[in-house]
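Respectively, the protein sequence lines represent chains A and B.
So for the first sequence, this note's numbering puts the first residue at -15; every next one is plus one.
So for the second sequence, this note's numbering puts the first residue at 41; every next one is plus one.
Think of the CB as a built atom: it goes at the ideal place given N, C-alpha and C, for glycine as much as any other residue.
Quick caveat, the model's predicted, so the values are computed rather than measured.
Data block below; observations after.
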Amino acid sequence: MNDILHTLPQVLIDGLALGAIYAVVALGYTMVYGILELINFAHGEIFMTGAFVGTAVLLAAQGTGLAASLPPWLFYLLIMLIAMMFTGALGVGIERVAYRPLRKAPKLISLIAAFGVSFVLQDVVRFIAELRTGNYIVSSSSLYGERMSLPASSISSLFGDATVKTNTLIILGAALLLMVALDRFVNRSKWGVAMRAVAQDRETASLMSINVNKVIVLTFFIGSALGGATGVLFAQQYGTIDPYIGFILGMKAFTAAVLGGIGNIRGAMFGGFVIGILEMFASSNLGTLTGGSFGAEYKDVFAFSILIIVLIFKPEGLFGRAVKEKV
Amino acid sequence: MEINSTRERLAGSKSLQAGLLAAFVVVTSGAVYLMDKSVLAFLLLLGSLLLLYYTGFSNGIKWASAGILLLLVIPFAASGGSSHEAYMEVAAQCGIYVAMALGLNIVVGFAGLLDMGFVAFFAVGAYTYGIFATAQANNFIPGSLFPLPGGSFWIFILLGGFMAGIFGILLGLPVLRVKGDYLAIVTLGFGEIIRIIFNNMEKPINITNGAMGLSSIQPPDLFGFKFTFPHQFYFIVIGILAVVIFAVRRLEHSRLGRSWKAVRENEIAAQSMGIPLIRTKLTAFAIGASFSGMMGVVFAAKQTFIDPTSFTLVESTTILVMVVLGGMGSVPGVILGASLVTILNLQVLTELTSALNALSNNGYIGIPTALSPSKMQRLIFGLILILFAIFRPNGLIRARNRKVSLESVAGSGVYPAPAGRAAIRK
Chain A
-15 MNDILHTLPQ VLIDGLALGA IYAVVALGYT MVYGILELIN FAHGEIFMTG
35 AFVGTAVLLA AQGTGLAASL PPWLFYLLIM LIAMMFTGAL GVGIERVAYR
85 PLRKAPKLIS LIAAFGVSFV LQDVVRFIAE LRTGNYIVSS SSLYGERMSL
135 PASSISSLFG DATVKTNTLI ILGAALLLMV ALDRFVNRSK WGVAMRAVAQ
185 DRETASLMSI NVNKVIVLTF FIGSALGGAT GVLFAQQYGT IDPYIGFILG
235 MKAFTAAVLG GIGNIRGAMF GGFVIGILEM FASSNLGTLT GGSFGAEYKD
285 VFAFSILIIV LIFKPEGLFG RAVKEKV
Chain B
41 MEINSTRERL AGSKSLQAGL LAAFVVVTSG AVYLMDKSVL AFLLLLGSLL
91 LLYYTGFSNG IKWASAGILL LLVIPFAASG GSSHEAYMEV AAQCGIYVAM
141 ALGLNIVVGF AGLLDMGFVA FFAVGAYTYG IFATAQANNF IPGSLFPLPG
191 GSFWIFILLG GFMAGIFGIL LGLPVLRVKG DYLAIVTLGF GEIIRIIFNN
241 MEKPINITNG AMGLSSIQPP DLFGFKFTFP HQFYFIVIGI LAVVIFAVRR
291 LEHSRLGRSW KAVRENEIAA QSMGIPLIRT KLTAFAIGAS FSGMMGVVFA
341 AKQTFIDPTS FTLVESTTIL VMVVLGGMGS VPGVILGASL VTILNLQVLT
391 ELTSALNALS NNGYIGIPTA LSPSKMQRLI FGLILILFAI FRPNGLIRAR
441 NRKVSLESVA GSGVYPAPAG RAAIRK
C-alpha cells in the first residue's frame, strides 16, 4: 500500500501525459464516427504518420542547422504545424479515395477498407523510414527534454517526489488548447453547427443547404490534424517511434472514445484521461497488487478489459445517449 | 468471334472439357515430377482444381476427380524430385489456411460479423494440443502424466475445436449484444491480447512457457505409425478439410445457414421473423472458431514448435484477405482465395525476394532491403482489402444463393399448400 502511495504522484503525472495523448486521438475517432458512423481504423496510423513527419522535419532541420537558428518554441510549433497540415491532407485524401466511394456500401465493406488503409499506411511509412535511415525504428532528441523535480513529499511524507519533463507540461498545455479550441469550434462556429447537423441527419442537413461533402472533408481534416499533432507530442515525449505504434494506441484511444460515449467530444476527452491514468496505475502497480504474478506487461490487457466492461454494462458510454435503431 | 465460337464449343462438349483437363493435369504433373523445383509447374497443377470447378460436370464427378487429384496425382507428382517435402509443406499449409478461411467465412461471409482477430482461435487450438503434448502440463497437473502419447492427437483435433468454440462464445457473449462495429475493434483487440497472455503465462503458474514457446510437441500416432513429414501431414489436412468443406456446404443451406444470411442482410427484419439474434450470431462465432481451433492442433503437431509470434495481427489479416479476395460468403471463392494468398505468401514472395537478392548480389540492380517483397505483406494485403472493397466487394467468385423453383417446393411436400393450420410449421 505504501509503495502505491509513494509512486502515486509520478503515476498521476505520467498518466495525465498519456491520457492527454489518448484524449486528443480519441477526438479523431469520435468526430469521424459521429458523422459517418464508421470506425476510422486508419486514425491510429495517421497519428503514427504525424509522429514520423514531425521527427523527419526535426532531424532534417537539425541536419541543416536550421534548428539552431530558431528559438526552440517556435521550432516546436513549426514542426507541429507541418505535421498537422500533412496528416490533415492525408486524412482528406484517405476519405476521398477509400471512404467516399463506399459511403452507401454495407458497413462491413467500409470497415474492411478502413482496415486496409491502416495496413497500407503502416507499410508505406516503414518503407520510407527504412529507406532513409536503414531502420524502421526511429529515435529523435527531445526539444524540451529537461526534467524537474516535483516535491510531492513536502505535501505528505507518504508521497514520493515525482520528476516532470518539460515536454509533459507542453503535452498537457497543447492538448488542453486543442481540445478547448475544438470544443469552441464545434459548439460556436457556423461550420461547427453544420458539422453537428450532418452528424444528426445527413439528408436533412443537405436539404438545409449544407454541403455535406465539404463538412465531411473538414471533419476528416480536423480529426487527422489533431492526430498528427499528437503524434509529434508523442514522439517528443517518448523519443522512439516505429510504424506500429498507432495500432495499440489507436485501440486504446478508441476505448477512450467508447468510454466517454462515442460521438461525444467532451466525453472522449474525459475518457482519454481516465484510460491514461488507469493504464499508468496498472502498469506500475499490477505487480505489487497481485504479489508479482501479473506484471506491467498486462497493461494492454487491462485497457482492453475496460473496453469489454464498458460494452457490457454501459455501451452508450458515460456521457453518450443510448440510440435506438429505427427501421 | 473466333474466341467466342471456341468457347461455345468448349462449353457444349463435356468430352472436350475432360480431354483438355486431363491433358493439362498430365502435362503439369509430369513437369512437377520431372523438374527439380518448379514453382510454376506446381502452381499450374494446383490450378487444375480451378479448371475442374469451371467444367460442366455434375457435382459428384467433380468431387471424385478433385479427390483423385488431391489424394493421388498431386502427392505422386510432387514426390519426383528433391523438393518433395517443400511442395507438400506448401500444399499442407494451403489446406490449413483453406479450413481457417472457411471458418472465418462463416463469421464474416455468412453472418456478416467482422472478426479481425481470428488467429486467436487458431492459437487456442494450437496451445491446447501443445500444452498437453509436451511436458508443459506437468507444471500444473500433478503426477508426471505428460506428454500425452501421439495417439491422443486425434481426440485433440476435436478438443482443440471445442476449446476454440468456447473461446468464441466467451468473446461473443459480451460483444454481440452491441452494434456490429464494436465487434471489429473488440476482436482486433482480442487477437492481440491473447498473444500477450500466451506470451506472459509463464507465471504465476507456467502454463504456456511464455515467449520461449513450446517445443518438441509429440507427433501424431496412428496405430504405431508416426506422422512427422509434411507429406504425411498433408493427408491429415486433406481429411479434416474434407470434413470441413462438407460441413460448410451442409450448413450453408440449412436452417441455421439461412438464418445467418438473414441476420447479415437485416438484423431487425430477421429478428421479427423469429430468428433468435444472439444465439444465431453465437453459433456462427463458435463454429467458425472451432474450424480454426482444429487446424491449430494440426499446425502445432506439424511444426512441433509453437510460440506466440506465430499468432500475430498479420496472420489474422491474412485470413481476412483470403475471405475478401475469394468472395465473402462464397465457399469455392474462399477456397480459391485462401490457396492464392497462401501460395503468394509462401512461394511467390519468397521466390521473388531470393531472385531480387540474387540480382542485387550480382550487382545488376540495387534493391534496398526495405523494399524486399517478403516484407511487403502488409502493403499487398492492405491494397487487396481496399481495392476489393471498392471495386469488387463480391470477390473473385461471387456467392450465389441456391435457387429453388416454386414447383419443386410445392411438389416436395415440405411446404404444403396453405390449408389451415397444417401450413404453419416450425
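Under the three-state reduction of DSSP, which class applies to residue i: helix, strand or coil?
{"i": "Ile308(B)", "result": "helix"}
{"i": "Asp185(A)", "result": "coil"}
{"i": "Phe186(B)", "result": "coil"}
{"i": "Ile225(A)", "result": "strand"}
{"i": "Ser414(B)", "result": "helix"}
{"i": "Ser140(A)", "result": "coil"}
{"i": "Met370(B)", "result": "One point to set straight first is that residue 370(B) is Ser, not Met, in the sequence displayed. Coil at Ser370(B), not helix or strand."}
{"i": "Val218(B)", "result": "coil"}
{"i": "Val337(B)", "result": "helix"}
{"i": "Asp155(B)", "result": "coil"}
{"i": "Leu(-4)(A)", "result": "helix"}
{"i": "Ala89(A)", "result": "coil"}
{"i": "Met179(A)", "result": "helix"}
{"i": "Pro301(B)", "result": "In the sequence as presented, Pro is not what sits at residue 301(B); that position holds Lys. Lys301(B): helix per DSSP, three-state reduction."}
{"i": "Asn246(B)", "result": "coil"}
{"i": "Gly118(A)", "result": "coil"}
{"i": "Ile206(B)", "result": "helix"}
{"i": "Lys298(A)", "result": "coil"}
{"i": "Leu233(A)", "result": "helix"}
{"i": "Gly256(A)", "result": "helix"}
{"i": "Met362(B)", "result": "helix"}
{"i": "Lys443(B)", "result": "coil"}
{"i": "Gly422(B)", "result": "helix"}
{"i": "Phe162(B)", "result": "helix"}
{"i": "Pro270(B)", "result": "helix"}
{"i": "Glu29(A)", "result": "helix"}
{"i": "Arg432(B)", "result": "coil"}
Quick one: what's residue i bridged to in DSSP?
{"i": "Met132(A)", "result": "Val148(A)"}
{"i": "Phe265(B)", "result": "Leu262(B)"}
{"i": "Ile346(B)", "result": "Leu254(B)"}
{"i": "Ser123(A)", "result": "Thr224(A)"}
CB-CB under 7 Å to residue i, same chain, minus the five flanking residues each way: which ones, in chain order?
{"i": "Ile121(A)", "result": "Thr224 and Asp226"}
{"i": "Ala146(A)", "result": "Pro(-7), Gln(-6), Ile(-3), Leu134 and Ala136"}
{"i": "Leu61(B)", "result": "Ser88, Leu91, Leu92 and Thr95"}
{"i": "Pro372(B)", "result": "Tyr93 and Ile437"}
{"i": "Leu162(A)", "result": "Val8, Leu210 and Ala213"}
{"i": "Phe421(B)", "result": "Thr357, Thr358 and Val361"}
If you drop the 5 nearest sequence neighbours on each side, which residues of the same chain put their C-beta closer than 6 Å to that of residue i?
{"i": "Ile197(B)", "result": "Met334 and Val337"}
{"i": "Ala97(A)", "result": "Ala82 and Leu86"}
{"i": "Phe207(A)", "result": "As written in the sequence, residue 207(A) is Gly, which differs from the Phe given in the question. For Gly207(A), where only same-chain residues beyond five positions count, the Cβ hits under 6 Å are Gly12, Met15 and Val16."}
Closer than 8 Å by C-beta to residue i: which residues in its own chain qualify, once you throw out the five before and the five after it? Chain order, please.
{"i": "Tyr167(B)", "result": "Phe238, Thr248, Leu254, Gly336, Ala340 and Ile346"}
{"i": "Leu270(A)", "result": "Phe278, Gly279, Ala280, Tyr282, Lys283 and Phe286"}
{"i": "Ile470(B)", "result": "The displayed coordinates of chain B run from 41 to 466. Any statement about residue 470(B) would go beyond what the structure contains."}
{"i": "Phe172(B)", "result": "Phe186, Pro187, Leu188, Ser192 and Phe196"}
Identify the contact partners of residue i in chain D, using a Cβ-Cβ distance below 7 Å as the criterion.
{"i": "Thr357(B)", "result": "Going by chain labels, chain D is absent from the structure shown, which instead holds the protein chains A and B."}
Q: Would you check if the stretch 26 to 36 of chain A and the stretch 68 to 83 of chain A touch, i.e. whether three or more CB-CB distances between them fall below 8 Å?
A: Touching, yes.
**Q.** Under 9 Å (Cβ pairs) to chain B, residues found in the stretch 270 to 293 of chain A
**A.** Thr274, Gly275, Gly276, Ser277, Phe278, Gly279, Glu281, Tyr282, Asp284, Val285, Ala287, Phe288, Ser289, Leu291, Ile292 and Ile293
Q) Pairing CB atoms from the stretch 255 to 262 of chain B with CB atoms from the stretch 186 to 200 of chain B, are three or more of them under 8 Å? A) yes
Q: Determine, using beta-carbon pairs with one atom in the stretch 179 to 194 of chain A and one in the stretch 49 to 57 of chain A, whether at least three such pairs fall under 8 Å.
A: no
Q) Touching or not, the stretch 110 to 130 of chain A and the stretch 37 to 47 of chain A, by the rule of three or more beta carbon pairs under 8 Å? A) The stretch 110 to 130 of chain A makes contact with the stretch 37 to 47 of chain A, as at least three CB pairs between them are under 8 Å.
**Q.** chain B contacts from the stretch 215 to 238 of chain A (Cβ-Cβ distance under 8 Å)
**A.** Phe231, Ile232, Met235 and Phe238
**Q.** Members of the stretch 64 to 91 of chain A near chain B, C-beta cut-off 9 Å
**A.** Val81, Ala82, Pro85, Leu86, Ala89, Pro90 and Lys91
Q.
For the stretch 232 to 244 of chain A against the stretch 283 to 302 of chain A, do three or more pairs of beta-carbon atoms, one drawn from each stretch, fall closer than 8 Å, so that the two count as touching?
A. yes
Q. Are three or more beta carbon pairs between the stretch 356 to 367 of chain B and the stretch 377 to 390 of chain B nearer than 8 Å?
A. yes
Q. Do three or more CB pairs link the stretch 309 to 323 of chain B to the stretch 178 to 185 of chain B at distances below 8 Å?
A. no
Q: Check each residue of the stretch 234 to 246 of chain B: if its Cβ is closer than 9 Å to any Cβ of chain A, include it; give the result in chain order.
A: Ile236, Ile237, Asn239, Asn240, Lys243, Pro244 and Ile245
Q. So, do the stretch 162 to 173 of chain A and the stretch 140 to 154 of chain A have three or more beta carbon pairs nearer to each other than 8 Å?
A. no
Q: Specify whether the stretch 204 to 214 of chain B and the stretch 249 to 268 of chain A touch according to this definition: at least 3 beta carbon pairs, one from each stretch, less than 8 Å apart.
A: no
Q.
Output needed in chain order: residues of the stretch 419 to 434 of chain B with a Cβ under 9 Å from some Cβ in chain A.
A. Leu419, Ile420, Phe421, Gly422, Leu423, Ile424, Leu425, Ile426, Leu427, Phe428, Ala429, Ile430, Phe431 and Pro433
Q. If you measure beta-carbon to beta-carbon, which residues of the stretch 190 to 206 of chain B are closer than 8 Å to chain A?
A. Taking 8 Å as the Cβ-Cβ cut-off against chain A, none of the residues of the stretch 190 to 206 of chain B qualify.
(Q) What are the residues in the stretch 146 to 158 of chain B lying within 8 Å of chain A by C-beta distance? (A) Val148, Gly152, Leu154 and Met156
Q: Evaluate the contact criterion for the stretch 140 to 154 of chain B versus the stretch 292 to 304 of chain B: three or more CB pairs, one atom per stretch, below 8 Å.
A: yes
Q.
Under 8 Å, CB to CB, which of the residues in the stretch 26 to 37 of chain A have a partner in chain B?
A. none
Q.
Give me the subset of the stretch 326 to 353 of chain B whose CB atoms are less than 8 Å from a CB atom of chain A, sorted by chain position.
A. Leu353
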